[in-house]
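A short worksheet on the structure shown next.
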Amino acid sequence: MGSKYPHLPAYKYFQEFNSDENVRENCEKCVITSYLANTYPWIKKLCCKLHKNIKIVNKPENVTSYLGEKHCFDLNYWLYNEVYKHLEHDEKHQDYNYIVDYLMEIWKRIKKEDYADWKYLCNPDKTLCDMNFLKEVKTLFDNAENYFVIRDEALSSLANTCSKYFDYISYNAELYYKWKKICTNGENNICTKYIDNFYSYNPERVIRKYSKWSLFWLYTTNRCIQKIVSVVKGAQESSPVVVLKSRPHVEISTYEQGILNDLRKESKHEEEEDDELLHEEEGEIIYDSDTEDILGEDEDENEGVELKTTKNIIGENSELIKDVPPVDTMEEDTSGNNFLLTLEKSIPFAYNSIYNKDYDTLSLTSNRCYTKLDTLYIMDGKDEECKKLETRTGDYTDASLLCMGLKGNLEKYDALNIFGKMNNYKCKYLSLWAHDRLSKLKEVEKATMMSTLLSIWIKSNQYKAECSPSEFAAYTDNTDYIKEKSLYDYALNYEDLENRYKKTDIIPCTRKLAEYITESKKLYNQVKSECKPGRNNQFQRSCFALNDIQKIYTKDELLELECKHIEDDLRSLRERDGGGHGLQGDSTEISPSALPAQEIVYSDSQKAIGTAVPILGVLSIGFILHKFTGLGSMARNFLRGRINGMNSHDELPNELLASTYDDQAHPDITETYIGYQAT
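If you use full-length UniProt numbering, the sequence shown corresponds to residues 1 to 679, in order.
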């Protein structure tokens, strides 16, 4: 499996054990007995490589990793497997366990001398056995290490991930369900010893952040997804029983005694030299000086030795400070009988998003574009599928109008150029609009509605040409979708807001608009921080949105927008009604630093009121003057004169003055020029 996917972290880590880099040929720690050195010349080099690998697993970053225990198993497996290969894959070889255990005694000695026998470091495991069994365990554990890399790729593109890792996921899904009972029963066994939170590596969780609607779409359109679902369901329903295997602990002296007896049988007349492997004296096993140095157990030898590698990884309570695993490993098991319906789970925190606030009433480009998508080409979208959503013939429902709107927009897709600088992403906006409108439908079975909309989308000419419904199908009402939509909307709104408020300080923002701009800039900065290279959020949908926006606005221009003046909506209306101080009198001037960064636009009703109030005032004054003064007659005479040919501008003032004091023309005007003029 590793040869097919060498980029996965478990296989990359294990390759470090096989590397000859930094291996010392004559490492002083590896003192080998005469028998082993002469019989197996390769054992010295293997021991030196083991010494190098012990340093790898005892690095502080590995000791504190949530995968530290798993890597300890890797080293144990590596040692068993190397001896197995050197003995021509003969696990029943008479010296197989002896060689493994002898090298493990050297391992223990290295740990004691170099690391003060610190309890948190990796220990040799002499209970392991059966290479076929261990290979299965190694594959199971490797999946835990590779899991989050594959999951993140699946969040980016589930279909591509399925094709890329089909063999891997299929095999490991079967292993997961085969071992699940053993690994989660709370008992001490090989699985619970080396892997924590086993249920967190459930294959269902790989796509758990997709909504069931998006999975419905993927399942119906992708053969690979269908096969994976079938494999996982089959693995759930028939999981073979695991038979755990282990071997009893054997003292090194037992192996040595057996070797001595064999040697005696082969050469009864040959005297043994004092520096041979071992000799028998008065019924006791006596080790030679070299062997005793390696295999002795002097408990007081390293007392008080300080382990330098523990710096900064031990807490105040003398406990190891472990790295926090990915959030998924901290969550409870969500597996169930129905694969598709158990994949979706809400993100376990709430986000105070700008999407939750009432900004859809503002005069924003995004709101206007979504309204156009509602109505612009709705009559081009009449369809039999949409007619089925009507309550009765000709009686449109919100669901049928959405259906017609989507079909019409797809039919007129090439003419749908309403998104300004962001027009290259009109398919994205169409998907955002469709999901937004679908989520707001009431008294509609959303699964059925989703199926209808996807069916219409797939049948359209734009399906394969330019605009796939995969984005629409993948949306779910979670935090990342909300951030994604808010970013795309802000980018769409920026061009108009820039023209109105950044390039001029004549027009003030309403407080609602200023708030919107501030919140949008905060969100932009937050996502920008979350999506920095090296973080685990590179597959966030909001990161893709930010990347798209930065292709258009390459210098983070969206962070430069600010309101120079903010108008209090209610106060401004009152002052206008009262003949107040005018536009500048109604506004509050602020410095850029005083405003976090978000503007609010005049609503259409405000504009109407602002225009209507002065007009009504002029008409009212004109009516009073006409009714209660002589200006009505003056105006009539003035207009008659103009009609009769009074074209000279010089005559206009004289005419006006003459008519003002003409008693004959205005017999009913008193001295005070106030009276009632009958009509």
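Glycine included, C-beta positions come from ideal geometry on N, C-alpha and C. This one's a predicted model, so the numbers in the text were calculated from it and none came from an experiment.
Backbone CA spacing between residue 430 and residue 3 [nearest angstrom]:
42 Å
Should residue 504 go down as buried or exposed, given a rule of 16 or more other Cβ atoms within 10 Å for buried?
exposed
Is there contact between the segment 487-507 and the segment 462-478, where contact requires at least three CB pairs shorter than 8 Å?
no
Here's the rule: buried if 16 or more other CB atoms are within 10 angstroms of the residue's CB, otherwise exposed. What is residue 236?
In this structure residue 236 is buried. Its beta-carbon is surrounded by 16 or more other beta-carbon atoms within 10 angstroms.
Using the C-alpha atoms, what's the distance from residue 49 back to residue 19?
C-alpha separation (whole angstroms): 8 Å.
Close beta carbons around residue 44, own chain, < 7 Å, minus the five adjacent residues each side:
Contacts found: 30, 32 and 37.
Which residues DSSP lists as bridging residue 556, in chain order
Partner(s): none; residue 556 has no beta bridge.
Does DSSP put residue 4 in a helix, a strand or coil?
coil
From this set, 241, 462, 190 and 528, which residue's C-alpha is nearest residue 680's C-alpha?
Since the first and last residues shown for the chain are 1 and 679, residue 680 lies out of range.
Does the segment 87-96 touch the segment 138-156, meaning 3 or more C-beta pairs lie closer than 8 Å?
Segments in contact, no.
Between the Cα of residue 221 and those of 158, 482 and 520, spot the shortest distance and give me the residue it belongs to.
Answer by Cα proximity: 158.
Taking the alpha-carbon positions, what's the residue 529 to residue 481 distance?
17 Å
Quick check on DSSP: helix, strand or coil for residue 566?
strand
Quick check on residue 379: buried or exposed, where buried means 16 or more other Cβ atoms within 10 Å of its Cβ?
exposed
Does the beta-carbon distance from residue 432 to residue 490 come in below 8 Å?
no
Under a three-way DSSP split, which group does residue 531 fall into?
coil
Scan the segment 417-444 and note each continuous alpha helix (DSSP H) run of 4 residues or more that stays entirely inside, going in chain order.
Counting only runs of 4 or more, we get 426-440.
DSSP three-state assignment for residue 64, whether helix, strand or coil:
coil
DSSP three-state label for residue 543, please.
helix
Can you round the beta-carbon distance between residue 524 and residue 487 to whole angstroms, since I take them to be within the 8 Å contact cut?
7 Å
Residue from 389, 165, 459 and 460 with nearest C-alpha to residue 443:
Residue 443 has its Cα closest to that of 389, out of 389, 165, 459 and 460.
Let's see if you can read the secondary structure: which residues bound the alpha helix (DSSP H) around residue 226?
223-237
Alpha-carbon spacing of residue 122 relative to residue 128, whole angstroms
15 Å
Buried or exposed: residue 7, going by 16 or more other Cβ atoms within 10 Å of its Cβ?
exposed
Could you give the DSSP three-state label for residue 122: helix, strand or coil?
Coil.
For the candidate residues 485, 229, 181 and 535, whose alpha-carbon lies nearest to that of residue 541?
Shortest Cα-Cα distance from residue 541 to any of 485, 229, 181 and 535 involves 485.
Buried or exposed for residue 375, going by 16 or more other Cβ atoms inside 10 Å?
exposed
So, are the CB atoms of residue 63 and residue 120 less than 8 Å apart?
yes
Is it buried or exposed for residue 363, if we count other Cβ within 10 angstroms and need 16 for buried?
buried
Please classify residue 508: is it buried, with 16 or more other beta-carbons within 10 angstroms of its beta-carbon, or exposed?
Around the Cβ of residue 508, a 10 Å sphere holds 16 or more other Cβ atoms; the residue is buried.
So residue 172 and residue 203 are supposed to be a Cβ contact under 8 Å. How far apart are they, rounded?
So it is a contact: roughly 7 Å between Cβ atoms.
Can you tell me which of the three DSSP states residue 509 falls into?
strand
Let me check understanding here. Comparing Cα to Cα, which of 546, 531 and 474 lies closest to residue 154?
Minimum Cα-Cα distance from residue 154 among the listed residues 546, 531 and 474 corresponds to 474.
Status (buried if at least 16 other CB within 10 Å, exposed otherwise) for residue 109
buried
Helix or strand or just coil, what does DSSP make of residue 217?
helix
Is there contact between the segment 69-76 and the segment 183-195, where contact requires at least three CB pairs shorter than 8 Å?
yes
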